[in-house]
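This report concerns only the one structure given below.
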Amino acid sequence: MFSETLDKYGDLRAIGFKRQGTWEHISYSQYYLLARKAAKGFLKLGLERAHSVAILGFNSPEWFFSAVGTVFAGGIVTGIYTTSSPEACQHIAHDSRANIIVVDTQKQLEKILKTWKDLPHLKAVVIYGEAPPEKTASVYTMEELMQLGDELPEEALDSIINAQQPNQCCVLVYTSGTTGSPKGVMLSQDNITWTARYSSQAGNIKPAEVQQEVVVSYLPLSHIAAQIYDLWTGIQWGAQVCFAEPDALKGSLVNTLREVEPTSHMGVPRVWEKFMEQIQAVAAQSGFIRRKMLLWAMSVTLEQNLTCPGSDLKPFTARLADYLVLAKVRQALGFARCQKSFYGAAPMTAETQHFFLGLNMPLYAGYGLSETSGPHFMSSPCSYRLHSSGKVVPGCLAKLVNEDAEGIGEICLWGRTIFMGYLNMEDKTREAIDAEGWLHTGDMGRLDTDGFLYITGRLKGAPFCAQFA
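Our numbering puts the first residue of the sequence shown at 1466, with every later residue one more than the last.
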């Protein structure tokens, strides 16, 4: 996948990040070389096949280099949430047989140092966000890792890359249910590359030769939704991924959005709710005329979008409302160029969906799980119905089992998105995937006559799977 991207988009900007208040950029050619250096560094540190490199840090270029480098080196990418306790970090690192852990701060390093004695496979830690206060054995900076990589011949890495197979595990996503230890969802190279191509096409993500997508990376990359959207889909289509600040969810995200002006954006429902609350707060402080103008513009636009969803033929009043009022609101949020706004991971309230329809920003849902490599159903500007999770991604299958009189049944999924199984949990894998390869999600829903999915709840007593949307 990366070699094709390199041929097509090598000179395009791949990554944007801020250093001392100034945006800097890395091309796809540079990205590829840095990932190769990281891969060779990991091999020098002793990364073994089918062992993992765990990454414990906020979204950054180094997260991307480390992830891609791990795959190049034949290892398994394993994200750990930055909020994880030392005990949770230890469980994931031990279960995934992590040879190397990459961290971004001294605080995260201390979590690993605390539990290193209980990690028999761990050989080294790499820190990239800040230098450790003192030199510690087997702890390396990112610069030192890259220098180690220079010592390994390119041919040695090429032979490892060429020996890899589509059905080998390359990503582990840890998800916990309501009870029990976190489960390691094993995703193959085929799972990742297929989903990055076809699920994103269903979401109307464009290749760079048509329009280079620009996205802001801020949701945890240890979650499959952010990882497939930011990292792997970005590589597939030559998108430019710009990294937000670590405090993005505490208020700085809007500043990044204004500076970057993404062409598509994904947020969990709470992120969209915060945007709504900010607009409402500003409106409440505005003068009478401005407040009335906003209410009029949103009312006209909401009515139009509810009556004729997806229509490009807008009446004069709706176009006037957008020009005079709504375009300015979207610009203030950083969405002046945003053509597609997605949400996932939890249900969205009708109030929030109606609010953004009133801003001429339909929110497109996806439905899937960690166990489906991300979205198995997608909405887009070409396939949208209010309150639904969209249609099944072309090439995938879905069915409802044990339907009741209202047509509601358990959602079962099949296709190349379906995971390999749970790491070290064959019994849980057999519970989730039946003999014909269908994944039983435990989610209840119904399909309308046009194939749009509506989630209605959970099957009582079903084992928990981690929802994408």
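Beta carbons are placed, not taken as given, at the ideal position from N, Cα and C, and that holds for glycine.
- Under the three-state reduction of DSSP output, F1507 falls in the helix class.
- When rounded, the separation of the alpha-carbon atoms in V1765 and A1786 is 7 Å.
- In the three-state DSSP reduction, H1852 falls in the coil class, being neither helix nor strand.
- A straight-line Cα-Cα distance of about 13 Å links F1708 and G1699.
- A distance below 7 Å separates the beta carbons of S1844 and Y1829.
- Here V1518 is near G1540, since their CB atoms are less than 7 Å apart.
- Around T1894, the same chain offers G1886, Y1887 as residues with beta carbons nearer than 8 Å, after the five sequence neighbours per side are excluded.
- Taking every protein chain shown into account, the CB of V1790 has 16 or more other CB atoms within 10 angstroms, so this residue is buried.
- Beyond the five residues adjoining it in sequence on each side, T1660 comes within less than 7 Å, by CB distance, of I1693, S1838, G1839, T1882 in the same chain, given in chain order.
- The beta carbon of K1805 sits closer than 8 Å to those of G1668, N1669, I1670, T1728, S1729, H1730, Y1829, S1845, P1846, all from its chain and outside the five residues before and after it, given in chain order.
- Counting of Cβ neighbours within 10 angstroms places F1917 among the buried residues, the total reaching 16 or more.
- Per the Cβ contact rule, the region 1847 to 1863 is in contact with the region 1898 to 1918 (3 or more Cβ pairs under 8 Å).
- A straight-line Cα-Cα distance of about 36 Å links L1686 and E1868.
- About 6 Å separates the beta carbons of S1492 and L1477, which is inside the 8 Å limit, making them a contact pair.
- The C-alpha of M1890 lies about 30 Å from the C-alpha of Y1808.
- Spatial neighbours of R1911 in its own chain (CB-CB distance under 6 Å, excluding positions within 5 residues in sequence) are listed in chain order as G1872, I1873, Y1919.
- Put simply, the backbone Cα of L1696 is about 24 Å away from that of D1560.
- One Cα belongs to V1794, the other to N1627, and the distance between them is close to 50 Å.
- The alpha helix (DSSP H) runs of length 4 or more contained entirely in the region 1750 to 1835 are, from start to end of the chain, 1753 to 1772, 1781 to 1786, 1792 to 1798, 1815 to 1823.
- Annotation for L1865: G1872, I1873, G1874, E1875, I1876, C1877, G1910, R1911, L1912 place their beta carbon closer than 8 Å to its own, counting only its chain and skipping 5 residues before and after.
- Cβ atoms of L1578 and N1564 stay farther apart than 8 Å, at about 16 Å.
- Within the model, the alpha-carbon separation for E1896 versus A1811 is close to 23 Å.
- Secondary structure of S1653 (DSSP, three-state): strand.
- Residue burial annotation: R1562 is buried, with at least 16 other C-beta atoms found within 10 angstroms of its C-beta.
- Contact annotation: A1500 and F1523 have beta-carbon atoms that are not nearer than 7 Å.
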